[in-house]
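Have a look at the structure below before the remarks.
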Amino acid sequence: FAPEAVFTRIVVLATTAIILAACLLAAILARVFVRPLRRLEAGVQRISAGDYDVEIPVQTRDEIGELTGMFNEMSRSLTVKEDLVNEHVYARETVRRLVEAKERYLAGDTGAVEVIVEQLGALVRLYPAHIVKEDKVFFPAAMKYLTRAEQDTMLEEMWAFDRGMIQEKYRSVVEHLEQ
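Residue numbers -2 to 176, in the working numbering, belong to the letters of the sequence shown in order.
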């Protein structure tokens, strides 16, 4: 019986050691696999709080790394879109001040010329970078959601709008000069 008892004890101890080692290995692997997901979770929480300037390092070439890369692209896209919205708000406010200054000037307030020059300068400084963001980042990404026919229709409508706006602008300039 003694050899059987020793053998049983060895088997029980070995089995216990294997189970403990497997549990320890599972805990370590779980931490390794969960860590990138926790970083993504923290990034999602930052974005949901309004902080779009989030970049998570891509540390693997597997599905988690691919997901992290897509998350970073989404974050950059949201940042650009927020910038564009803020720039549009700023431009509208600037144009409103410009129109008010023009009306004051037409009413005889020559001091309004300084405001007109200031507001025109603000628009001149804003639009080059703003247009690059729209043309290089926003519009290419948005076009993915439209069919080719929808893209063509939209571009034609934009060109028609621009032609009409330019024609209207120059007509009003000529009419003003003729007075």
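Heads up, the beta-carbon is just placed ideally off N, CA and C, and yes, glycines get one too.
If only uninterrupted beta strand (DSSP E) runs of at least 3 residues are considered, none is enclosed by the segment 70 to 141. Comparing alpha carbon positions, the residue from Glu111, Ile128, Leu143, Val82 closest to Leu95 is Glu111. The C-beta separation of Glu90 from Tyr49 comes to about 22 Å, leaving the pair out of contact by the 8 Å criterion. Following the DSSP letters along the chain, one finds Ile44 inside the alpha helix (DSSP H) bounded by residues -1 to 45.
The straight-line gap separating the alpha-carbon atoms of Ala39 and Ala46 is approximately 11 Å. Counting only residues of its own chain and dropping the five nearest sequence neighbours on each side, Tyr124 has a CB closer than 8 Å to the CB of Ala88. For the 8 Å CB-CB criterion, Ile113 and Lys99 form a contact.
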